[in-house]
Amino acid sequence: MRTLFNQLSPINLAATLCNRFSNSNHLCTSISASPNLPINQIAHIICCVLQECTSFSCLKKTHAKIFAYGLQYDSRILTKFAIMYVSFNRIDAASILFEDIPSPCSFLWNVMIRGFATDGRFLSSLELYSKMMEKGLKPDKFAFPFALKSCAGLSDLQRGKVIHQHLVCCGCSNDLFVDAALVDMYAKCGDIEAARLVFDKMALRDLVSWTSMISGYAHNGYNSETLGFFDLMRGSGVIPNRVSILSVLLACGNLGALRKGEWFHSYVIQTGFEFDILVATAIMDMYSKCGSLDLAHCLFDETAGKDLVCWSAMIASYGIHGHGRKAIDLFDQMVKAGVRPNHVTFTCVLSACSHSGLLEEGKRYFQLMTEEFVIAPKLSNYACMVDLLGRAGHLSEAVDLIENMPVEPDASIWGSLLGACRIHNNLDLAEKIADHLFHLDPVHAGYHVLLSNIYAAKSRWNEVEKVRKMMARRGANKIQGFSLVEYDNQVLKFGVGDISHPQWEKLYAKLEELAAPMKHLGYVPLTDFVLHDIEEESKEAALSYHSERLAIAFGLINTSPGTTLRITKNLRICGDCHNAIKLISKIVNRVILVRDMHRFHRFEHGVCSCGDYW
DNA sequence: CTAGGGTTAG
């Protein structure tokens, strides 16, 4: 060994060491065996060996050895070590070394920016990026995608735009990876138009860029665009993989497009994509959101190696379908199976309790979360609790909870409470809440509508008008209600009093036809403004029809008797329609599934699965 | 040296 060290040049020596001694002990022993070796030579050897380093423990031991040799202040070695630490995902260790280097080279800055971003420490990554720019150093084309990834992770569109400008200045645009990262950043920050602009300008588009775009559409609510873009991708000769399928499944779920979703399920099987837990969860969730709880549950049972997300998704499914007890049972099973819940799981459970009116159970699980699992409740957990308490009429308890929250309540919390005020027609509380609420979110149309409906319930028409004007002044535009129904591999959309469908006359005639038997069953149209508690979708004219009724009429005309009708609605179903659909289900003897903004309503034999608790 | 992904309240 000693002869080796003395005879070979450092590079050859390093190469020899790499070949012969792949593990750290040998390396360290060899170095220790030659105490007379000049320090710079050892440094050189170690640098070369590190390049071949494949084991973290080897790295750590070598690092310790370096300290023993008193080389810790050599920038070159430190840089090498920092880079190695990053490659082993030990960003903290790398960071400590980085701080010790007087003026780190550009490359190390880039490596650190990448390292932090990869580790999910987006703020640190961007902080470093800014510091690097301040020093007049330019990030390289490998660092930009990571800086953009950090912006995407933080949904920081403003910073993303700035970095976009920088990279153009640095001449790093028109690079496949940089552009793909740009597309992804814009898509994740919700600026889908900007994403599309970059995407369209790309000379070359790989599967990843397509997938980023598709996922951007899906996650920003452009559901039919998602499906369209997927077809476009296939048309352009790019073969999808399981990742791109996930976005498409999401879109199907959002649209309630069961047939399309089923098609993708079989597509996954036919093409032989790996049917891993992510794909299984996505398909399961799609089935559930399309109203097919049975299929979702089947898949859940068949899926081996269920993880937290998979369990949570199934719990959420029971929740939106109104099966609170089953959601709770599943939660208990999950815990028994040794899977530790997180705040999302509890959001699912609490929301399930809320939809099913399981007040005591909800309280118990909230307590379980904080006390037994020691999970700090997030805003979403508080929102569920406020909703649970409020719905059940325990308004003051809900207020207590909000006042004692350790975090600042946001608009959604007050919104929950306002929703409860509407159910219980509590005007005093509603007015107090509205102040907070409109301060936090002045342009939210839904909250204004809620308040206006509470006034209307008390026949306070002047105030109703005031709220209306307030909305106009603030530019809080009402969201148009619509209902979706899948037919013949298409998703059809019906708006309020829609006459755009070729069959529109038939649809209205069908509703007319139903009017008599409905009346016979005791239906009284609730023309009172109060119950048209959804956005503007009502009150247009006596002849206007809510979108879900048109969708139902369409389904009745175009499907064979007995077929379940599935409707997806963007807003909350109104009380009048809820009454009407119950009766329709009885008259036509059909199951009518309506998914509104919050949950499923399964109408059958004149009753709804929500038990009118919604 | 780089990348895209499944669950969540209102």
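Last residue of the first sequence: number 778 in the working numbering, and the count goes up by one each step with no gaps. Ideal Cβ placement from N, Cα and C applies to all residues, glycine included.
{"Asked": "Residues bridged to G486 (per DSSP)", "Found": "The partner list for G486 (beta bridge, DSSP) is empty, contrary to what the question assumes."}
{"Asked": "Neighbourhood of L593 by C-beta distance below 7 Å, restricted to the same chain and skipping five residues each side", "Found": "L559, C585"}
{"Asked": "Close beta carbons around I751, own chain, < 6 Å, minus the five adjacent residues each side", "Found": "P681"}
{"Asked": "F764, DSSP secondary structure in three states", "Found": "strand"}
{"Asked": "For A382 and S411, believed in contact at Cβ under 8 Å, the rounded distance", "Found": "4 Å"}
{"Asked": "Own chain residues within Cβ distance below 7 Å of V342, not counting five before or after", "Found": "K305, F308, P309, L331, C336"}
{"Asked": "Extent of the continuous beta strand (DSSP E) run through I756", "Found": "756–759"}
{"Asked": "Status (buried if at least 16 other CB within 10 Å, exposed otherwise) for R804", "Found": "Nothing can be reported for residue 804: it is not among the residues displayed for the chain, which extend from 165 to 778."}
{"Asked": "Top-ranked residue by Cα proximity to G686, from L747, R638, I737", "Found": "L747"}
{"Asked": "For G392, the three-state DSSP class (helix, strand or coil)", "Found": "helix"}
{"Asked": "Where A228 falls, given that 16 or more other Cβ within 10 Å makes a residue buried", "Found": "exposed"}
{"Asked": "Alpha-carbon spacing of R766 relative to N753, whole angstroms", "Found": "13 Å"}
{"Asked": "Nearest-angstrom beta carbon gap, G488 and A516 [assumed within contact, 8 Å]", "Found": "5 Å"}
{"Asked": "6 Å CB neighbourhood of Y451 in its chain, flanking five on each side removed", "Found": "L459, A460"}
{"Asked": "Own chain partners of G436 with C-beta closer than 8 Å, once the 5 adjacent residues on each side are dropped", "Found": "none"}
{"Asked": "Beta-carbon proximity list for L695, same chain, < 7 Å, skipping 5 on both sides", "Found": "For L695, the pLDDT reaches just 38, beneath the cut-off of 50, and the residue's location in the model is therefore unreliable, although a value from the coordinates is still provided. Excluding residues within five positions, the ones whose Cβ falls inside 7 Å are C738, G739, D740."}
{"Asked": "Start-to-end residues for the alpha helix (DSSP H) that takes in G739", "Found": "739–752"}
{"Asked": "Bridge partners - L729, DSSP secondary structure assignment", "Found": "I756"}
{"Asked": "Whole-angstrom C-beta distance between L457 and H485, which should lie under 8 Å", "Found": "5 Å"}
{"Asked": "Separation of A609 from S623, as counted between CA atoms", "Found": "21 Å"}
{"Asked": "For V655, the three-state DSSP class (helix, strand or coil)", "Found": "strand"}
{"Asked": "Alpha helix (DSSP H) segments (min. 4 residues) lying fully within the stretch 534–577", "Found": "543–555, 559–567"}
{"Asked": "T511 to C548 span [Cα, whole Å]", "Found": "7 Å"}
{"Asked": "Straight-line Cα distance separating E561 from V628", "Found": "28 Å"}
{"Asked": "Between the CA atoms of K733 and D256 - distance to the nearest angstrom", "Found": "48 Å"}
{"Asked": "Extent of the continuous alpha helix (DSSP H) to which D458 belongs", "Found": "457–466"}
{"Asked": "Short Cβ contact (9 Å threshold) for T728 with I756", "Found": "yes"}
{"Asked": "Where L601 falls, given that 16 or more other Cβ within 10 Å makes a residue buried", "Found": "buried"}
{"Asked": "Beta-bridge partners of E650, as assigned by DSSP", "Found": "V655"}
{"Asked": "Inter-stretch contact at 8 Å, needing at least 3 Cβ pairs: the stretch 652–660 / the stretch 636–643", "Found": "no"}
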